[in-house]
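So the number in this note's numbering is just where the residue sits in the sequence shown, counting from 1, plus 13.
Written out below as structure tokens is the structure these notes cover.
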Amino acid sequence: MDYETLLSENAKQMRPSGIRRFFDLAAEMPECISLGVGEPDFQTPWDIRDAAIHSLEIGRTKYTANSGLRELREAIGAYTRRKYDLSYNEDEILVTVGGSEAIDLAIRALVCPGDEVIIPEPCYVSYDPITTLTGGVPVSIPCLEENEFRITAQQIKAALSPRTKILVLGFPNNPTGAVLRHQDLLEIAEVLKDTNVTILSDEIYAELVYGIQHESIAHIPGMKERTVVVGGFSKTFSMTGWRLGYACGPLPLIKTMLKIHQSCIMAAPTTSQYAAITALRDCDDDVEEMRKQYDLRRQYCVRKLNEMGLKTFEPRGAFYVFPNITSSGMSSDEFCEKLLQEKHVAIVPGTAFGAAGEGFARISYAYSLDHLREAFRRIKEFLEDHKGE
Numbered sequence: 014m015d016y017e018t019l020l021s022e023n024a025k026q027m028r029p030s031g032i033r034r035f036f037d038l039a040a041e042m043p044e045c046i047s048l049g050v051g052e053p054d055f056q057t058p059w060d061i062r063d064a065a066i067h068s069l070e071i072g073r074t075k076y077t078a079n080s081g082l083r084e085l086r087e088a089i090g091a092y093t094r095r096k097y098d099l100s101y102n103e104d105e106i107l108v109t110v111g112g113s114e115a116i117d118l119a120i121r122a123l124v125c126p127g128d129e130v131i132i133p134e135p136c137y138v139s140y141d142p143i144t145t146l147t148g149g150v151p152v153s154i155p156c157l158e159e160n161e162f163r164i165t166a167q168q169i170k171a172a173l174s175p176r177t178k179i180l181v182l183g184f185p186n187n188p189t190g191a192v193l194r195h196q197d198l199l200e201i202a203e204v205l206k207d208t209n210v211t212i213l214s215d216e217i218y219a220e221l222v223y224g225i226q227h228e229s230i231a232h233i234p235g236m237k238e239r240t241v242v243v244g245g246f247s248k249t250f251s252m253t254g255w256r257l258g259y260a261c262g263p264l265p266l267i268k269t270m271l272k273i274h275q276s277c278i279m280a281a282p283t284t285s286q287y288a289a290i291t292a293l294r295d296c297d298d299d300v301e302e303m304r305k306q307y308d309l310r311r312q313y314c315v316r317k318l319n320e321m322g323l324k325t326f327e328p329r330g331a332f333y334v335f336p337n338i339t340s341s342g343m344s345s346d347e348f349c350e351k352l353l354q355e356k357h358v359a360i361v362p363g364t365a366f367g368a369a370g371e372g373f374a375r376i377s378y379a380y381s382l383d384h385l386r387e388a389f390r391r392i393k394e395f396l397e398d399h400k401g402e
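Given below as structure tokens:
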């Protein structure tokens, strides 16, 4: 069989995950400390687990409606109103298998071959390959360290073309921790108001912000009708393995996403959906406690990295730091590969998140302080070993 000719050209062009490559290498090293994966180290709060157990005990093990449990969609709508002043009715909400499926559905529902998708980079690894798979054209815009890794309205305006279909906004940002402020959103809205461009707003880290309040671009006048908001439970409620997310947006778009979802997935996991209702209604205190712990770790990481001579922007959201490693004299890939081989610490090269990530590396602080302290001790040793090279 000649699979080189059989395989889809779009699939062959997809960029493989740079995160998983380092994760797999680290898994082969028993002494390795991994700071590579964005997975909370906290247990899912007990009330959520208890709700899942109860749902199983009483036999709630059948398929749900394709769009998700009505009660859950109502709870999501109540949550977005309470948290972000965004009102959606149940038909404008789709429950998905993680936020990643919601992103996939939105891109596939909108993009035709040749359509352009504006993607600020560095960014979450899935936007580019999903766009490529649909036959779309990723248009990357570098978010610069000197601008706190924020995309600007001027950059977006310069990237717009008659083929532009989607603007992706992944803020709070993975991997940089950057956030967009109210004025940023106003300026972006002004650029887009007379266009036919849809915004894919990935807000999976909306509840993990520090010292500020998250605002969705859908909250800006005139933007809700052109925005699909992606949220989920993995990061906020430490529910990564439960695989549950959601999309909120204009009814025609959500209906089309639902048709794709029906054909490819059918429905999100039933047990996870019942657990998520409890998460949204009863777990604000648990989320606040986790956020406080992340904030302590965030401050520790920024301080230690800067002390080592790795200039590090202070992130305002998510649970990553994105140090500038150019002072080491190594490329991002070289730095991370040598650190893994020599000190058995796994972090992710910035290039895994797009070309704009060259010169940086992503470190997740979704780990205990003891875990971080030992990893940073080894990173300091690594830098000293290579000083002057």
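All residues carry an ideal CB built from backbone N, CA and C; glycine is no exception.
Within 7 Å, strictly: CB atoms of residue i and residue j
i, j, result
"GLY190", "TYR313", "no"
"ILE154", "GLN167", "no"
"ALA379", "ILE61", "no"
"GLU105", "LEU264", "yes"
"VAL241", "LYS178", "no"
"TYR137", "ASN209", "no"
"ILE132", "PRO151", "yes"
"LYS248", "ILE290", "no"
"GLY363", "PRO135", "yes"
"LEU193", "ARG239", "no"
"PHE373", "ASN337", "yes"
"GLY107", "MET270", "According to the sequence provided, residue 107 is Leu. The question's Gly does not apply to it. For LEU107 and MET270, yes; Cβs fall inside 7 Å."
"ALA331", "ALA64", "no"
"LEU118", "ILE273", "yes"
Through-space distance from residue j to residue i, alpha-carbon basis
i, j, result
"THR284", "ASP346", "40 Å"
"PRO142", "ARG28", "6 Å"
"LEU19", "LEU146", "15 Å"
"TYR101", "GLU394", "52 Å"
"LEU213", "GLN196", "19 Å"
"MET343", "HIS399", "10 Å"
"PRO58", "ARG294", "13 Å"
"VAL50", "GLN354", "18 Å"
"ALA260", "GLU103", "11 Å"
"SER251", "ALA24", "31 Å"
"ILE225", "SER80", "33 Å"
"TRP255", "GLY72", "18 Å"
"ARG95", "PRO234", "18 Å"
"THR165", "PRO175", "20 Å"
"GLU159", "ASP98", "31 Å"
"LYS356", "ARG86", "47 Å"
"LYS317", "THR74", "48 Å"
"GLN286", "MET14", "43 Å"
"ASP128", "ALA122", "12 Å"
Cβ-based neighbour list, residue i, same chain, cut-off 6 Å, excluding 5 preceding and 5 following
i, result
"GLY258", "THR109, GLY111, GLY112, ALA115, GLY245"
"LEU352", "VAL358, PHE395"
"MET303", "PHE55"
"ALA78", "none"
"LYS237", "ALA231"
"GLU327", "VAL315"
Host alpha helix (DSSP H) of residue i (start-end)
i, result
"GLY90", "83-97"
"VAL204", "195-205"
"ASN79", "Run containing ASN79: none; DSSP gives neither H nor E here."
"GLN26", "22-26"
Run of the beta strand (DSSP E) containing residue i, from where it starts to where it stops
i, result
"THR144", "No beta strand (DSSP E) holds THR144; the alpha helix (DSSP H) holding it covers 140-146."
"LEU182", "177-182"
"ALA374", "374-377"
"SER68", "No beta strand (DSSP E) contains SER68, which is instead part of the alpha helix (DSSP H) from 59-70."
"THR240", "240-245"
"VAL130", "129-134"
"LEU48", "Note, LEU48: premise wrong, no beta strand (DSSP E); not H, not E."
"VAL222", "Where VAL222 is concerned, there is no enclosing beta strand (DSSP E), given that its DSSP letter is neither H nor E."
"VAL108", "106-109"
"LEU19", "Not the beta strand (DSSP E): LEU19 falls in the alpha helix (DSSP H), residues 16-19."
"LEU213", "211-215"
Beta-carbon contacts of residue i that lie in its chain and below 8 Å, excluding the five residues immediately before and after
i, result
"LEU396", "MET321, GLY322, LEU323, SER341"
"PRO282", "VAL110, TRP255, ARG256, LEU257"
"LEU173", "ILE131, VAL204, THR208, VAL210"
Cutoff 7 Å; reference residue i; Cβ partners in own chain excluding five residues on either side
i, result
"TYR92", "LEU293"
"LYS206", "GLY235"
"SER377", "LEU48, GLY49, VAL50, GLY51, PHE332, TYR333"
Minimum Cβ-Cβ distance from residue i to chain E less than 7 Å
i, result
"LEU157", "Here there is only one protein chain, and chain E is not present."
Length at least 3, wholly inside the region 248-335: the beta strand (DSSP E) runs in chain order = Counting whole runs of 3 or more residues, the region 248-335 contains the beta strand (DSSP E) stretches 258-261.
Report the residue ranges of all beta strand (DSSP E) runs contained in full by the region 350-400; include only those spanning at least 3 residues, in chain order.
-> Taking only runs of at least 3 residues, the beta strand (DSSP E) segments lying wholly in the region 350-400 are 374-377.
What residue ranges within the region 149-175 form continuous alpha helix (DSSP H) runs of no fewer than 4 residues, ordered along the chain?
-> 166-172
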